[in-house]
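Residue numbering for the sequence shown is 1 to 952, as defined by the UniProt record's numbering.
Glycine residues also receive a C-beta, built at the ideal position from the N, C-alpha and C atoms.
Predicted, not measured: the structure shown is a model, and the values here were computed from it.
Beneath this line is the structure, given in structure tokens, with notes to follow.
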Amino acid sequence: MLERESELARAASALRRAAGGEGGLLVVRGPLGVGRSTFLEAVAGIAHSEGFLVLRAQAAAAEENFTLGVVRQLTDSAPATEPADEDGRGPHAEYTAGGTPEDAADAAYTSDAGVPSAAGPLPLWAGPVSQQAPRRLASLLKSVASDRPIVVMVDDVQWSDGESLLALLPCVAGRRRNRVLFVLSVLPGDVRGAREYVRQLLDAADHTVELDTLGRDSVRLLLEEACGAPVQGAFVDVLRQRSGGNPLLVKALVDEVRYQALAPVAVNCAAAAGLRPERARQRLAVFLRAQPDHVRRVAYALAVLGDAADRQLVTHLAEIDEQRRAEAMDVLRLTGLVAEHSDSLIPGTLLRDLLEESMPAAELTAMRGVAAELLHRTGHPAELAAEQLMSVAVLCGSGAVEILRTAADSALRRGSPRDAARYLRRALLDTSATGRDRARLLIDLAMAERSFASAASLRHVAEAVPLLESVRERADAVTRLGPLLMDPAAFRIDSVRRDVAEELGRAAPHDYIERELALRLEARENVLAAQDPAHVRRALRRFRALGPSPSLRTTGERELVTSLMHIAFVANAASADELTLLCTRLLEQEAPAPEHVHSTVPLVVNILAGAGRTEGAGGWLREAHLLAQRRGGDVEQAVIRSEQALVALADGQLVYARQKVVQADALAGPDTGGLPTICAAVLAIVALHTEEPHLAEQILVQHRLHAENEHLAALLHLARGILAARRGETRTALVHFQTAGRRAERIGWHNPVTVPWSSSAALMHHRLGEHEEAEAAALSEVERSRAWGAPVRLGNALVALGKVSRGREGVTFLEEAVEVLEKGPNEHELCQALYALGTHGQTDPRRRASVLERAYMMAVDQGASSFAEKIARRKSGGTRATSAPNGRLTPSEQKVARLAADGLSNAEIAAKLGTSSRMVEKHLTNSYRKLGISGRPDLARALAAPDGTPGT
1 MLERESELAR AASALRRAAG GEGGLLVVRG PLGVGRSTFL EAVAGIAHSE GFLVLRAQAA
61 AAEENFTLGV VRQLTDSAPA TEPADEDGRG PHAEYTAGGT PEDAADAAYT SDAGVPSAAG
121 PLPLWAGPVS QQAPRRLASL LKSVASDRPI VVMVDDVQWS DGESLLALLP CVAGRRRNRV
181 LFVLSVLPGD VRGAREYVRQ LLDAADHTVE LDTLGRDSVR LLLEEACGAP VQGAFVDVLR
241 QRSGGNPLLV KALVDEVRYQ ALAPVAVNCA AAAGLRPERA RQRLAVFLRA QPDHVRRVAY
301 ALAVLGDAAD RQLVTHLAEI DEQRRAEAMD VLRLTGLVAE HSDSLIPGTL LRDLLEESMP
361 AAELTAMRGV AAELLHRTGH PAELAAEQLM SVAVLCGSGA VEILRTAADS ALRRGSPRDA
421 ARYLRRALLD TSATGRDRAR LLIDLAMAER SFASAASLRH VAEAVPLLES VRERADAVTR
481 LGPLLMDPAA FRIDSVRRDV AEELGRAAPH DYIERELALR LEARENVLAA QDPAHVRRAL
541 RRFRALGPSP SLRTTGEREL VTSLMHIAFV ANAASADELT LLCTRLLEQE APAPEHVHST
601 VPLVVNILAG AGRTEGAGGW LREAHLLAQR RGGDVEQAVI RSEQALVALA DGQLVYARQK
661 VVQADALAGP DTGGLPTICA AVLAIVALHT EEPHLAEQIL VQHRLHAENE HLAALLHLAR
721 GILAARRGET RTALVHFQTA GRRAERIGWH NPVTVPWSSS AALMHHRLGE HEEAEAAALS
781 EVERSRAWGA PVRLGNALVA LGKVSRGREG VTFLEEAVEV LEKGPNEHEL CQALYALGTH
841 GQTDPRRRAS VLERAYMMAV DQGASSFAEK IARRKSGGTR ATSAPNGRLT PSEQKVARLA
901 ADGLSNAEIA AKLGTSSRMV EKHLTNSYRK LGISGRPDLA RALAAPDGTP GT
């Protein structure tokens with residue numbers, strides 16, 4: 001008996017007084033499972049040791065109508081031979097002796113105590129045994145008590161039959177002058193405890209013992225005794241919280257822990273929280289069966305409503321009035337299911353879980369359906385109502401489906417597309433809706449799934465389209481999917497799109513909406529057919545027909561123009577300047593939102609990055625990504641990370657670009673096939689340019705279309721060629737690069753930005769001594785790069801041509817490469833070109849020294865320590881060199897800083913030096929950092945100091 005010392009001491013004191021002739025009544029109270037019966041066992045043990053005769057009875061709800069059931073148990077527990085009563089007869093004489101039953105009952109009510117009946121007129125009991133019970137029991141107690149003290153125990157007295165209660169009343173009333181201690185246990189709050197005879201017994205109590213729950217130390221002690229090993233505190237806390245300290249539940253949980261051989265350590269806390277002891281389940285079932293219907297219904301209503309429970313909802317759901325609800329709540333509070341001053345079940349407890357699991361399936365389904373409608377009708381959050389419908393076997397009525405759809409909308413607004421999909425899948429499982437209604441559910445589900453399960457999204461749109469009645473509805477359904485997600489081989493979506501587009505074309509779109517849908521369908525066709533040379537030719541004619549300044553007012557117009565620009569970009573059929581102008585116009589009309597992932601906007605970012613004109617794109621993508629994080633879309637976040645990686649690569653921020661590749665790949669999970677094909681291609685390109693060919697190969701191989709998509713296949717050969725070159729397998733590398741080129745040429749993708757294979761092949765030819773082939777391959781890429789016109793791509797191609805060209809001609813190409821790259825924002829590629837120029841055998845020695853010094857300073861600024869060390873060794877003729885101080889400005893930084901100090905704006909400096917405003921801004925930022933100043937106003941003073949260090 002843990003934590004019962006003071007209560008047992010009070011019981012022992014009452015026993016001593018009874019033994020001395022001062023009888024009494026001890027009432028033991030406590031909630032369900034608190035150990036009232038165990039406490040009575042302990043009191044009985046003390047009584048036996050003190051020489052008491054113990055008469056015991058256990059009342060039960062099932063025997064409430066069993067006449068004199070409790071009295072019979074008491075008399076049956078007495079010894080077989082007992083003293084005669086005051087008339088000299090044995091204890092059973094009244095069953096055969098003469099005299100009227102009324103006389104016997106009156107004698108019992110006016111026994112030695114001389115106390116008249118408080119119960120009023122006797123009920124009309126049937127039979128002489130019932131009528132003589134009071135006298136019989138009083139006679140028995142009086143005769144035995146003269147010889148030895150008696151303890152009369154009745155457990156769960158609230159469930160006693162009425163005849164036994166009436167027999168006990170006069171005996172309790174006469175306890176003072178007899179050596180009898182009555183010990184009655186009662187479950188507080190039980191409605192049967194409000195019966196008149198029960199109240200009279202309890203009100204007469206001389207002593208009341210309130211049994212409380214067990215504390216943490218006692219739970220620990222029980223665990224240690226059961227497990228025979230040290231117990232970790234977290235495990236104790238779980239059992240204490242789950243049981244609420246209730247001894248019955250604690251013991252049941254401890255036994256279950258031992259039975260399952262669960263080590264009482266923190267790592268097993270989750271397993272402990274999931275234990276459902278059968279003994280506790282059975283005890284709760286017995287309790288619920290013993291309760292009146294309104295108590296049971298309120299308990300079930302509380303379990304169904306959970307934290308949303310309030311008086312009005314519980315009353316309606318339980319279908320009772322307020323008085324009965326209040327009465328039931330009192331019972332449930334006193335039994336430990338409901339906290340004091342609360343209208344809901346105590347959360348996280350074993351009793352609550354068992355109560356929910358004990359509900360009959362039919363009643364649970366009915367209650368949850370009613371609860372969902374009640375919550376929805378009374379203005380509670382739609383998701384709260386929908387959760388009621390998630391666990392029922394069958395949905396009832398169209399109202400349930402509408403609740404689930406509303407909840408899905410709410411989940412999407414709060415940024416939980418997975419919850420939205422969960423609600424919609426539930427609606428689809430049980431709804432009898434067909435045709436258009438089912439199609440609407442499928443499309444809503446697809447819109448939720450496109451943020452985390454693009455393949456499922458495609459499948460559900462393909463399933464929905466045939467169920468829609470009009471071509472306009474079908475076209476709208478298809479255009480809900482972004483063109484980047486519509487992989488041609490996935491779930492027949494391309495054939496569905498083609499059929500809808502042909503049907504809409506035959507219908508001759510006649511209003512604004514249908515014309516918009518037709519344009520958007522055409523845009524999707526352009527993206528999906530971009531690897532078909534015949535379609536590429538048609539699309540280029542369409543692009544030229546739009547003129548130099550096409551309309552971009554509507555979504556359809558912007559999507560169409562973007563898709564055509566994408567084809568012109570990959571085919572190298574338009575210059576970087578021409579496409580950049582259109583891309584800039586288009587991006588100005590698009591808000592930075594994660595939904596752009598499901599449009600053609602990512603293609604705009606690709607073109608700008610390929611042109612090296614990413615001004616403003618970084619900030620636009622940051623805003624879009626912040627929104628994507630709040631809305632919880634993995635696909636949106638992964639695509640935006642890919643776009644950010646591409647922009648960072650274009651700006652020469654290799655570390656940042658590599659970081660974004662890793663983040664995007666992690667969001668996609670182990671299977672990158674869940675991402676759009678173009679996203680996988682972008683990640684691979686960035687990985688290749690950041691010297692991570694292994695990562696590029698991994699990303700491409702994992703994509704489900706890497707073998708059949710020509711662009712992905714070309715990039716995979718490019719990655720494997722780089723890896724072969726690193727292993728010294730030059731001929732193998734050359735074969736891979738040439739294969740990549742053939743696959744790109746096969747689909748008409750001539751822009752070297754998409755697959756820069758030719759310069760790589762040129763370097764391999766050069767290694768093999770095939771100089772003519774090397775120069776031809778390098779020159780081919782230079783020509784295509786000039787046609788495109790982006791400084792970075794042209795500069796890289798010129799570097800490759802310079803490396804493979806013989807004599808001074810190679811230096812000429814490298815000088816041109818440096819000059820071209822000076823005009824762009826990519827300092828990394830400029831640094832690489834400077835190093836190539838500085839290490840070329842035909843470069844003038846004085847030029848070599850200055851070029852390598854500049855390359856070294858740029859590598860230090862970029863944090864490329866290994867490359868800086870490599871340059872330093874070349875500068876020092878192979879000797880390890882020390883790093884230059886970070887405070888020294890590079891020649892380019894000095895030029896820009898002095899012009900800025902003279903008052904020129906960034907645009908004026910860029911025009912004067914023939915570079916970009918972005919490069920000017922970078923040089924100024926580096927200068928401020930090195931000079932230790934906050935901005936332009938301090939430049940003149942700082943530059944006046946010796947060696948360009950801050951002045952004093």
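- Message: Counting beta carbon pairs with one atom in the region 572-581 and one in the region 447-464, are three or more of them shorter than 8 Å?
- Response: Because the criterion of three Cβ pairs below 8 Å is not met, the region 447-464 and the region 572-581 do not touch.
- In angstroms, rounded to a whole number, what distance separates the CA positions of residue 760 and residue 812? Between the alpha carbons of residue 760 and residue 812 lies a distance of about 20 Å.
- Task: Check each candidate in 627, 626, 618, 631 and name the one with the smallest Cα separation from residue 646.
- Result: Of 627, 626, 618, 631, the residue nearest in Cα terms is 618.
- Item | is_contact[residue 622, chain B] using C-beta, thresh 8 Å | Reference to chain B is not applicable here, since this structure consists of a single protein chain.
- Return the CA-CA distance between residue 796 and residue 829, expressed in angstroms with no decimal places. Going from the Cα of residue 796 to the Cα of residue 829 covers about 7 Å.
- Whole-angstrom distance between residue 22 and residue 14, CA atom to CA atom: Distance between the alpha carbons of residue 14 and residue 22: 9 Å.
- Would you report the Cα separation of residue 441 and residue 727, rounded to the nearest angstrom? Between residue 441 and residue 727, the alpha-carbon positions lie close to 54 Å from each other.
- Message: I'd like to know whether the C-beta atoms of residue 133 and residue 173 end up nearer to each other than 8 Å.
- Response: No, the Cβ-Cβ distance between residue 133 and residue 173 is not below 8 Å.
- Query: What do you reckon, are the CB atoms on residue 805 and residue 794 nearer than 8 Å?
  - Reply: It is not a contact, given that the beta carbons lie outside the stated cut-off.
- Using a threshold of 8 Å, state whether the C-beta atoms of residue 834 and residue 854 are closer than that. The answer is yes: Cβ separation under 8 Å.
- Message: If the criterion is Cβ atoms closer than 8 Å, does the pair residue 290 and residue 352 meet it?
- Response: Taking 8 Å as the Cβ cut-off, residue 290 and residue 352 do not qualify as a contacting pair.
- May I ask you to report which of helix, strand or coil DSSP gives residue 152? Residue 152 falls in the strand class under three-state DSSP.
- If we ignore side chains and look at the alpha-carbon of each, how far apart do residue 942 and residue 822 end up? Approximately 25 Å, taken between the alpha carbons.
- Message: With H, G and I counted as helix, E and B as strand and the rest as coil, what does DSSP make of residue 282?
- Response: Helix, per DSSP.
- Item | Minimum C-alpha distance to residue 207 - residue among 567, 418, 12, 227 | Checking every option, the nearest Cα to that of residue 207 belongs to 12.
- Could you give the distance in angstroms between the alpha-carbon of residue 198 and the alpha-carbon of residue 373? Approximately 42 Å, taken between the alpha carbons.
- If residue 407 sits next to residue 371, beta carbons under 8 Å apart, how far is it from one beta carbon to the other, in whole angstroms? The beta-carbon separation of residue 407 and residue 371, rounded to 14 Å, does not stay under the 8 Å limit for a contact.
- Sheet register partners of residue 185 (DSSP bridge): In the DSSP output, where bridge partners are listed per residue, residue 185 has 28.
- Item | Extent of the continuous beta strand (DSSP E) to which residue 961 belongs | Coverage of the chain is limited to positions 1 through 952, which leaves residue 961 absent and any answer about it impossible.
- Selected residue, minimal CA-CA separation from residue 277, among 769, 590, 48, 355: With respect to the C-alpha of residue 277, the residue from 769, 590, 48, 355 having the closest C-alpha is 355.
- Message: Taking contact to mean 3 or more Cβ pairs, one atom from each stretch, closer than 8 Å, check whether the region 533-549 and the region 678-693 are in contact.
- Response: Pairwise C-beta distances place the region 533-549 out of contact with the region 678-693, as fewer than three of them are shorter than 8 Å.
- Tell me whether the beta-carbon of residue 521 lies closer than 8 Å to the beta-carbon of residue 476. Not a contact, by the Cβ cut-off of 8 Å.
- Query: Which of the three DSSP states, helix, strand or coil, is assigned to residue 953?
  - Reply: The requested residue 953 does not occur in the structure, where the chain is confined to residues 1 to 952.
- Item | Closest residue to residue 771 among 807, 782, 749 (Cα-Cα distance) | Closest by alpha carbon: 807.
- Message: Suppose the cutoff is 7 Å on Cβ atoms and the five residues either side in sequence are ignored; what does the same chain contact list for residue 916 look like?
- Response: If we look at residue 916 and ignore the five residues flanking it on each side, its Cβ neighbours are 823, 824, 825, 910.
- Element boundaries [alpha helix (DSSP H), containing residue 48]: Boundaries of the alpha helix (DSSP H) around residue 48: 36-49.
- Task: Starting from the C-beta of residue 530, find all residues in its chain whose C-beta is less than 6 Å away, skip the five residues before and the five after it, and write them out in chain order.
- Result: Excluding residues within five positions, the ones whose Cβ falls inside 6 Å are 567.
- Task: Please name the residue in 758, 652, 660, 776 whose C-alpha comes closest to that of residue 832.
- Result: Put simply, of 758, 652, 660, 776 the residue whose alpha carbon is nearest the alpha carbon of residue 832 is 652.
- Straight-line gap, residue 1 to residue 241 (C-alpha atoms, nearest Å): Spanning the two alpha carbons is a distance of roughly 20 Å.
- Leaving aside the five residues before and after residue 305 along the sequence, list all residues of the same chain whose C-beta is less than 7 Å from its C-beta, in chain order. Within the same chain, residue 305 has close Cβ partners 313, 314, 317, 371.
- Query: Counting along the chain, where does the beta strand (DSSP E) carrying residue 209 start and finish?
  - Reply: First-last of the beta strand (DSSP E) with residue 209: 207-210.
- Where residue 363 and residue 299 are concerned, what is the direct C-alpha to C-alpha distance, given to the nearest angstrom? Answer to the nearest angstrom: the Cα atoms are 12 Å apart.
- Do you know offhand how far residue 937's Cα is from residue 922's? Taking the straight line from one Cα to the other gives about 17 Å.
- Per DSSP, the bridge partner or partners of residue 345: For residue 345, which the question treats as bridged, DSSP gives the partners 338.
- Message: Report the CB separation of residue 156 from residue 58 in whole angstroms; it is logged as a contact under 8 Å.
- Response: Contact flag correct, Cβ pair sits at about 7 Å.
- Which two residues bound the contiguous alpha helix (DSSP H) that contains residue 625? Note, residue 625: alpha helix (DSSP H), 617-631.
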